[in-house]
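Numbering (the UniProt record's numbering), first residue to last: 1 to 453. We put the beta carbon where it would ideally sit given N, CA and C, even for glycine.
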Amino acid sequence: MNSTLHFFGGAGTVTGSNFLLDTGGSKTLVDCGLFQSTHACEETNWSVFPYDPKTIDFLIVTHVHIDHIGRIPRLVREGFKGRIISTDATKTLARPLLLDSMEILTSEARRCNREPLYDEKDVEGAMKLWEGVSYHQKIPLLDGLTLELYDAGHILGSAMVKLTRGERGILFTGDLGGGNSPLLPPCESPSGVQYLVMESVYGNTTRKEQNNRREALEDVVEDTVARGGTLLIPAFSTERTQDLIFEIRTLMVEKKVPSMPVYIDSPLAQKITEAFLKHPEYFVAPIRVRLEKGENIFSFPEAQFTESVAASTQIDTSPGPKIVLAGSGMSNGGRVRAHEMHVLPDPKSTLLIVGYQVAGSLGRRLIEGVKNVKIQGSDIPVRCKVEALYGYSAHMDGEALLEFVGKIARGLENVFVVHGEPLSSSTLTQRIRDYLGNRATAPEIGEKAMLNL
Ligand SMILES: [Zn+2]
């Protein structure tokens, strides 16, 4: 049996995840994500799909990060009528995230004279086609294909997608968690596949502070207290915000750091946090037990979710020390930018970077040590401390990625290395060849591969 695998996004770049497996008798997409470069009006997002959405039978979704789901409503708008399948948690989280992304994209589209990428009707259309399933449930698709999802440990509900046909199979990793979330179990190692579509976001990185991250966070908080400033943490609304709320709550409950206001300045993060509480079955066992007993692990007296813009603005004039969590995680939009205008010029304050920063994003430039940035047309000097704490990254580092491939390497005929900037992908590709002796390639966007599947 022969199938063709097309790499339509997330190849040669981190974002825009979109793969098509064509078995001849069925067409299955894995992910339909947004391309996220420095320009929100990224032309590729508006260009027509390189296939006819009407002819697609299935769309399998790995997880709810926008670079994996952001073009799904557009796909529906262009005629997709197949089945969308993901875990239950991914389905729950998708609607608020797609609606939030829609607002950002619509206002950006206006600025660059484009039609909106999609509207609310398209989101609802997508939700109608969407089915939530459990990990390890075997779901027959078409043309002899069977689907099974495995826990990827990356964010709540994240899954690896295994598609098998007869005795042969392919695994799409989506993004893989580094096993360092305080809330989620580590990722699984599904074996018995001949092909692997492997993420490589951190393919050329080795991280240090994996084991002592709570202590490292404690140090950053204490340093901010000593200087009386603001600790500003740009954080993605999904997973990292909840991980950090939980960690800060633990530090305060255990009196490891002094009590001080903790502002979670993101209406979206509030919605997502509420959704997390509805899915205790996805958490590590000790947390699941606490949730099932009714404990709200994200609530403590110091924590305040701010909804209105007025309340958000007041945070900056309230006295320190204080902690502010706000999106977006890469500082390329959202409420965090208004806080950055106050925090960056203040030598008493600290900006703490906790996640992946795409090349060219404001977050990335701040890590690289720029001394001046432009935010909303104003020149802002950077005088605050800029710290990075990668122990909370939702991704595996290069060593862990190689180890993951090593665990399932037996019988693998080819590893397609994707979801990475070119240097990350080429480094991981080379290391898989050198250390594991497996065949590995880093496909470019638009490439296709013939599979014996
Ligand atoms: Zn992700």
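About 19 Å separates the beta carbon of Lys91 from that of Asp57, a gap too long to meet the 8 Å contact definition. In this structure, the CA atom of Pro73 is about 33 Å from the CA atom of Gly192.
Under the three-state reduction of DSSP output, Pro140 falls in the strand class.
Proximity to ligand 1 was defined by a C-beta distance below 5 Å to any of its heavy atoms, and the residues meeting it, in sequence along the chain, are His65 and Asp175. Considering only Leu147, Pro96 and Gly79, the residue with the shortest C-alpha distance to His65 is Pro96.
Counting along the chain, the unbroken alpha helix (DSSP H) around Ser107 starts and ends at Asp88 to Arg111. Under a 10 Å Cβ-count criterion, Leu325 is classified as buried, with 16 or more other Cβ atoms of the shown protein chains found around its own Cβ. Secondary structure note for Glu199: it is in no alpha helix (DSSP H), and the uninterrupted beta strand (DSSP E) holding it is Tyr195 to Glu199. Between Asp175 and Gly132, the CB-CB gap reaches or exceeds 7 Å. The criterion of a C-beta distance shorter than 7 Å is not satisfied by Ile245 and Phe283.
Nearest to Ala338 by C-alpha distance, out of Thr23, Glu421 and Asp316, is Asp316. According to the DSSP assignment, Lys121 belongs to the alpha helix (DSSP H) that extends over Glu120 to Leu129. In this structure, Ile353 lies near Ile367, with their beta-carbon atoms less than 7 Å apart. In terms of Cβ geometry, Val417 and Ala440 form a close pair [threshold 7 Å]. Looking at the DSSP output, Tyr263 shares a beta bridge with Gln304 and Val324. In this chain, the beta strand (DSSP E) harbouring Ile375 covers Asn372 to Ile375. In the same chain as Glu247, and ignoring 5 residues on each side of it, the C-beta atoms closer than 7 Å to its own belong to Pro182, Arg214 and Leu217, in chain order. Between Glu115 and Val48, the alpha-carbon positions lie close to 13 Å from each other. Every alpha helix (DSSP H) stretch that sits fully inside the stretch 350-428 and reaches 4 residues is listed by chain position as 362-367 and 398-408. Non-local beta-carbon contacts of Gly125 in its own chain, meaning distances under 6 Å to residues more than five positions away in sequence, involve Val76 in chain order. For the set Thr4, Asp151, Arg165 and Met341, the Cα lying nearest the Cα of Thr62 is the one of Asp151.
If you draw a straight line from the Cα of His136 to the Cα of Leu149, it is about 6 Å long. Within a 10 Å sphere around the beta-carbon of Gly82 sit 16 or more other beta-carbons, which makes this residue buried. Inter-residue distance for Lys371 and Ile233 is about 19 Å (C-alpha atoms, whole angstroms). Within the model, the alpha-carbon separation for Ser17 versus His154 is close to 15 Å.
The beta carbon of Thr224 lies closer than 6 Å to those of Leu231, Pro321 and Thr350 in the same chain, with the five residues before and after it left out.
The residue among Glu274, Cys187 and Asp265 with its C-alpha nearest the C-alpha of Ala394 is Cys187. For Gly228, same chain residues with a beta-carbon under 6 Å away, outside a window of 5 residues either side, are Gly320, Pro321 and Lys348 in chain order.
Boundaries of the alpha helix (DSSP H) harbouring Met341: Val336 to Val343, taken from the DSSP string. Looking at the DSSP output, Asn452 sits in no beta bridge, so it has no partner there.
Assignment of beta strand (DSSP E) within the stretch 151-231, counting only whole runs of 3 or more residues, yields 159-165, 168-172 and 195-199 in chain order. Close CB contacts of Tyr356 within its chain, under the 7 Å cut and outside five residues either way in sequence, are with Val201, Ser393 and His395 (chain order). Between Gly70 and Glu444, the beta carbon gap of about 21 Å keeps them out of contact (Cβ cut-off 8 Å).
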